[in-house]
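Numbering (the working numbering), first residue to last: 44 to 337. C-beta: ideal position from N, C-alpha, C; glycine also.
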Ligand SMILES: [Zn+2]
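This is the structure in structure tokens:
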């Protein structure tokens, strides 16, 4: 059963609800191409950004080709190529998936047809090869060709992109891409930015609220100025730290309520009221969150 786009729609619906405090219908992300805008994170580093979903795609432009970090939904593929053409004449030479979710990997199948190698963590590749959790995996046809554990480095046209697995958080296969020379960190969904993007913990894919802050502490040890979040506009180290602190607070609040023997519904209510959680997040995260804090 294919219910991935339905879930994304719920996600967006919930986000809009959390934002506006009102139910709003109509946005069907993944059903139509997203309207893309280009943000310059640093010289030669461009973010193909859109509202809410799909996730950001980041193009690192070098004299020997483009390294593309995340590739949105399949339906956004043509737009990505057209937008890149406004930036550079260089072809895409590598694709990185920060994690397995369909709004970051949906373009994989079409990019593989163009013979572009795609790299992701072993865990993310495992999730993509196993499409039983169809809410997040678009198609098995787009499974990356290269898998790594812990760290990998892409060197292309004088540019260095370090791929680092810093621990569990959003999933167990999250990768950050670090560009030391450009002082840029691309976080995937280990960090989402803006009032409409609370923590999504995908427990079915090994996510962890408890370990997430320590994972971000590792990221904060790196030397960077600009952060490209998984969703949202360009951010700073201070923004990333605030998100880390919010995640730690969430974990502590849940632990305290579990100790006080609060009910599942009371904990859900706290998450809605204090952390802006909407149905999709509760569906993915609530039981795992409670289980992890026993
Ligand atoms: Zn995600």
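Subject >> Spatial distance of residue 246 from residue 238 (CA atoms) >> reply: Working through the chain shown from its first residue, we reach residue 246 at position 203. Working through the chain shown from its first residue, we reach residue 238 at position 195. Between residue 246 and residue 238, the C-alpha separation is close to 22 Å.
Original post:
If you compare alpha carbons, which of 275, 228 and 257 is closest to residue 268?
Top reply: Counted from its first residue, the chain shown places residue 268 at position 225. For the residues 275, 228 and 257, the minimum Cα distance to residue 268 belongs to 228.
**OP:** Compute every distance between the C-beta of residue 232 and the non-hydrogen atoms of ligand 1, then say whether any falls below 6 Å.
**Re:** Here residue 232 refers to the residue found at position 189 of the chain shown. True, at least one ligand heavy atom lies under 6 Å from that Cβ.
Original post:
If you check the beta carbons only, do residue 261 and residue 209 fall under 7 Å apart?
Top reply: Here residue 261 corresponds to residue number 218 of the chain shown, with the count starting at 1. Here residue 209 corresponds to residue number 166 of the chain shown, with the count starting at 1. Yes, the Cβ-Cβ distance between residue 261 and residue 209 is below 7 Å.
Subject >> alpha helix (DSSP H) segment containing residue 297, residue limits >> reply: For this step, residue 297 is matched to residue 254 along the chain shown. Its alpha helix (DSSP H) spans residues 280-302.
Subject >> Rounded C-alpha distance that separates residue 263 from residue 211 >> reply: Indexing the chain shown from 1 puts residue 263 at position 220. Indexing the chain shown from 1 puts residue 211 at position 168. Their Cα atoms are separated by approximately 15 Å.
Original post:
Could you check where the alpha helix (DSSP H) with residue 323 kicks off and where it finishes?
Top reply: Stepping through the chain shown from its first residue, residue 323 is reached at position 280. Element bounds for residue 323: 322-335.
**OP:** Leaving aside the five residues before and after residue 29 along the sequence, list all residues of the same chain whose C-beta is less than 7 Å from its C-beta, in chain order.
**Re:** In the structure as shown, the chain begins at 44 and stops at 337. Residue 29 is therefore absent and cannot be evaluated.
**OP:** Please find out if some non-hydrogen atom of ligand 1 comes closer than 6 Å to the beta-carbon of residue 274.
**Re:** One-based indexing of the chain shown puts residue 274 at position 231. Residue 274: no, Cβ never under 6 Å from ligand 1.
**OP:** Check each candidate in 131, 113 and 119 and name the one with the smallest Cα separation from residue 86.
**Re:** Position 43 of the chain shown, counted from the first residue, corresponds to residue 86. That would be 131, whose Cα lies nearest to the Cα of residue 86.
**OP:** Would you check whether ligand 1 has a heavy atom nearer than 6 Å to the C-beta of residue 144?
**Re:** Translated into the one-based positions of the chain shown, residue 144 becomes position 101. Checking every heavy atom of ligand 1 against the Cβ of residue 144, one is found closer than 6 Å.
Original post:
What span of residues does the beta strand (DSSP E) with residue 163 cover, start to end?
Top reply: Taking the chain shown and counting its residues from 1, one reaches residue 163 at position 120. Per DSSP, residue 163 belongs to the beta strand (DSSP E) from 161-164.
Subject >> Own chain partners of residue 224 with C-beta closer than 8 Å, once the 5 adjacent residues on each side are dropped >> reply: Residue 224 sits at position 181 when you count from the first residue of the chain shown. Excluding residues within five positions, the ones whose Cβ falls inside 8 Å are 202 and 203.
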